[in-house]
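Trainee: Can you read through this structure? Questions will come right after.
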């Protein structure tokens with residue numbers, strides 16, 4: 216039942232002016248909890264499946280749910296285009312082959328859906344090099360809300376030791392910066408990424424990778440995240456900040472196996488070519 220604890224969040228009675236359809240829920244919250252669903256097949260066999268998430272408010276009520284969708288990337292702008300259009304168009308779909316060969320480095324499209332299963336936010340991550348030694352090919356996620364209209368971008372900033380990201384608006388202007396810790400491993404504790412204004416001094420909020428318990432941390436790659444931000448923050452920026460959580464999850468908290476080592480070699484090849 217909408218509004219009940221553990222159910223769906225009740226629809227807002229007042230919709231802010233110029234609020235994209237579907238984002239009116241974000242105007243009512245200053246915290247979000249993102250919970251990745253545990254996939255039994257993946258937990259017991261290691262077979263990588265499409266990621267699924269629930270997005271909750273501070274009362275535990277569902278606002279959205281997210282599903283990793285089949286991703287088609289047009290890489291015609293990359294040097295690999297010289298090898299022919301059959302290779303460079305509609306490649307690297309998030310099928311079992313891509314998921315299990317590329318692991319957490321895979322390109323993806325993420326659909327964020329409301330309680331009526333209507334897509335309200337669309338995230339797309341192209342194939343990029345996962346090495347910090349390639350500052351010309353850093354990670355990027357495009358956030359569309361509603362799908363087809365860019366709300367903002369999540370862009371990795373080059374940094375040798377500590378994770379750095381920029382939250383950009385639809386015009387490419389930096390509106391927020393994210394700073395992470397040097398080590399993304401904390402036994403029995405949370406890992407915090409602070410969110411600042413563009414001046415990198417004014418504190419705005421925080422993205423927290425929450426400790427999920429020993430069993431879940433050891434045997435699954437299902438993670439929990441929390442986000443805090445000002446209530447009056449623009450809903451497009453909130454949606455883009457939500458997109459940053461998924462990029463952080465894939466970059467630092469999906470299980471790192473030999474699949475990712477293979478993908479790093481692949482992305483190095485993409486960059487060199």
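Numbering (my numbering), first residue to last: 216 to 488.
In this text, a Cβ means the ideal position worked out from N, Cα and C, and glycines have one as well.
All figures in this text were calculated on a predicted structure; none of them were measured in a lab.
Would you check if the distance between the CB atom of residue 251 and the CB atom of residue 268 is smaller than 8 Å?
Mentor: yes
Trainee: Ordered along the chain, which non-local residues of its own chain (more than five positions away) have a Cβ less than 6 Å from that of residue 452?
Mentor: Excluding positions up to five away in sequence, the list reads 390.
Trainee: Looking only at its chain, what residues have a beta carbon closer than 7 Å to the beta carbon of residue 383, apart from the 5 residues adjacent to it on each side?
Mentor: Cβ neighbours of residue 383 beyond the five flanking positions: 367, 368, 370, 389, 390.
Trainee: Which of helix, strand or coil does DSSP assign to residue 407?
Mentor: strand
Trainee: Please name the residue, chosen from 330, 439, 422, that lies closest to residue 238 on a Cα-to-Cα basis.
Mentor: 330
Trainee: Which class does residue 322 belong to by DSSP, given the choice of helix, strand or coil?
Mentor: coil
Trainee: Using 10 angstroms around the beta-carbon of residue 232, count the other beta-carbons present and answer buried if the total reaches 16, otherwise exposed.
Mentor: exposed
Trainee: Would you check if the distance between the CB atom of residue 422 and the CB atom of residue 412 is smaller than 8 Å?
Mentor: Their beta carbons are not under 8 Å apart, which means residue 422 does not touch residue 412 by this criterion.
Trainee: If we ignore side chains and look at the alpha-carbon of each, how far apart do residue 249 and residue 272 end up?
Mentor: 9 Å
Trainee: Please go through the segment 432-466 and give each complete alpha helix (DSSP H) segment of 4 or more residues, from N-terminal end onward.
Mentor: 450-463
Trainee: Quick check: what's the CA-CA separation for residue 342 versus residue 458?
Mentor: Going by the C-alpha atoms only, they are around 16 Å apart.
Trainee: So, at 7 Å on beta carbons, what are the nonlocal neighbours of residue 266 in its own chain, with the 5 sequence-adjacent residues on each side left out?
Mentor: 251, 283
Trainee: At the level of alpha carbons, what is the spacing between residue 161 and residue 225?
Mentor: The structure shown does not extend to residue 161, since the chain is modelled only from 216 through 488, so no value can be given for it.
Trainee: If distances are taken between C-alpha atoms only, which option among 333, 360, 350 comes closest to residue 339?
Mentor: 360
Trainee: Tell me the residue span of the beta strand (DSSP E) that contains residue 418.
Mentor: 418-425
Trainee: Return the chain-ordered list of same chain residues with a C-beta closer than 7 Å to the C-beta of residue 415, the five sequence neighbours on each side being excluded.
Mentor: 392
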